[in-house]
Every structure is written in C-alpha cells, then in structure tokens.
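Protein chains in written order, with our numbering: chain A, 324 to 437; chain B, 16 to 125.
Positions of the beta carbon are idealized from the N, C-alpha and C atoms, including for glycine.
Everything numeric in this text was worked out from a predicted model, so none of it was measured.
As structure tokens, this is what we get:
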C-alpha cells in the first residue's frame, strides 16, 4: 500500500460528459502529480502541484483541469470527454523539493468513455 | 518527444536467468529512476540514481548510468516468477517534471 488513495477506481461514462477524479496523497507529501496511461501512449505526465500551487505542466489538454486543495488532496477534472480519453489516470505524491525524488503511486482510476 | 526509450519493448526469460533492460533519454537530467508496474496496477519505485552516480545496487537490482551516452540499464539477477511486470525508467529533467519511458514488458517463465 503506497498510502496514495484514488477514487473512483473505475468509471464508465459517455462522450461529451464531465468527470472528476480524486486523489489523496501520502501523509506528509506536499507534491501531487497526475499521469495518463493509455495503451498507445505510455505514461504521459499531465500536471504537478506543490502545496496548492501548480508547479509543472505537461501534455494536459485544455479540456482537462486540476487543482490541489488546502488539505493537499487533488482533483483532476476531465470535460467534453472523447473516446480517446479512455485510459488509466494515476496520481502520485512525493515530499517535494528542488529535485523530483521517489514518487508514490495510487492504484489509478480507469476511465472508459463510450 | 522528451520521453525516454526502453529497450527491448518485451523480454521473456527463464526463471533464474538475469534480465537486462536499457533506457535512453535525450536531455540532461538530475536523476533517473526505475519503476515496476504489475498489470493494471500502480507503479512502484525500485531505485533512484543521481546524475553524478555511475552504479547503484539494491538487492537483486543493479542500475548503471552513463550520462555521456544518456543511457541507463537495469539488471535483475536470479529472476523469479514474481518479477514478471513492466519496468519503466523515468528521468527528472528539472522543472518538476518526471518523464517516463514506454516501458519494457518482462515475462519470467517457470
């Protein structure tokens, strides 16, 4: 058990809809990362937050947004969903700092868009 | 793409043999990390090697890093069936980004 909790574990929805994925980081970790894993794209970095502030942005679509709340949990919002958004979405956390150390991953949220 | 590339994409060996996976990357890095992923599960951190280190060991794992060639290798000795998984290298390229490669699927045959 990594200590990182992601909900929901599975989600099935239709094209055009909006979903919210939630992540609770490991106790004491200030950084939260979001990754998307699909079969043909590997593990893609989406966005990273540190203590409530956005620190780095990767290949995140404009239809996607995220935030980290004062209690350090994070949410990833996916809107106007398309078939190609079907993937495993992982949240990971770390202590934070100038360099990226070990990440602790949750079990992921599997999104299926029909 | 700034992603690292693992080689081979898939590897199948007999239990007890050694498994070697390679990772190449394109930019300068602060550190390089290896992770394991069992099918459909979250990734688990295996080992981190800093840019000023050349070799690191952890149990049956041995990682090397050659920054002049921008490459790393992961050696798993005396493989076990439980080592069957996908293995990913990830590079800390600064700016708080940890970039993952496409992974190597390792199968250990009993």
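To the nearest angstrom, how far is it from the Cα of residue 395/A to the Cα of residue 348/A? Inter-residue distance for residue 395/A and residue 348/A is about 7 Å (C-alpha atoms, whole angstroms).
At a Cβ cut of 8 Å, what residues of the segment 401-427 of chain A count as close to chain B, listed as they run along the chain? From the segment 401-427 of chain A, only 411, 413, 415, 422, 423, 424, 425, 426, 427 have a Cβ closer than 8 Å to chain B.
Cβ of residue 72/B less than 8 Å from any chain A Cβ? No, because no Cβ of chain A sits closer than 8 Å to the Cβ of residue 72/B.
Residues in its own chain within less than 7 Å of residue 23/B by CB, not counting five upstream and five downstream? 119.
Looking at the unbroken beta strand (DSSP E) that takes in residue 327/A, where does it start and where does it end? Counting along the chain, no beta strand (DSSP E) covers residue 327/A, and no H or E run does either.
Is residue 352/A helix, strand or coil by DSSP? In the structure shown, residue 352/A falls within a coil segment according to DSSP collapsed to helix, strand and coil.
Classification of residue 96/B by the beta-carbon crowding that lies within 10 angstroms, buried from 16 upward: Taking a 10 Å sphere around the C-beta of residue 96/B, we find fewer than 16 other C-beta atoms and assign the residue as exposed.
Just to confirm the assignment: which complete beta strand (DSSP E) runs, minimum length 3, are found wholly within the segment 63-117 of chain B? The segment 63-117 of chain B contains these whole beta strand (DSSP E) runs: 70-73, 76-81, 86-91, 100-107, 113-115.
May I ask you to verify whether the segment 372-391 of chain A touches the segment 354-361 of chain A, counting CB pairs closer than 8 Å and requiring at least 3? At 8 Å Cβ cutoff, the stretches touch.
Contact residues within the segment 20-47 of chain B, judged by C-beta distance below 7 Å to chain A: The segment 20-47 of chain B vs chain A, Cβ under 7 Å: 45, 46.
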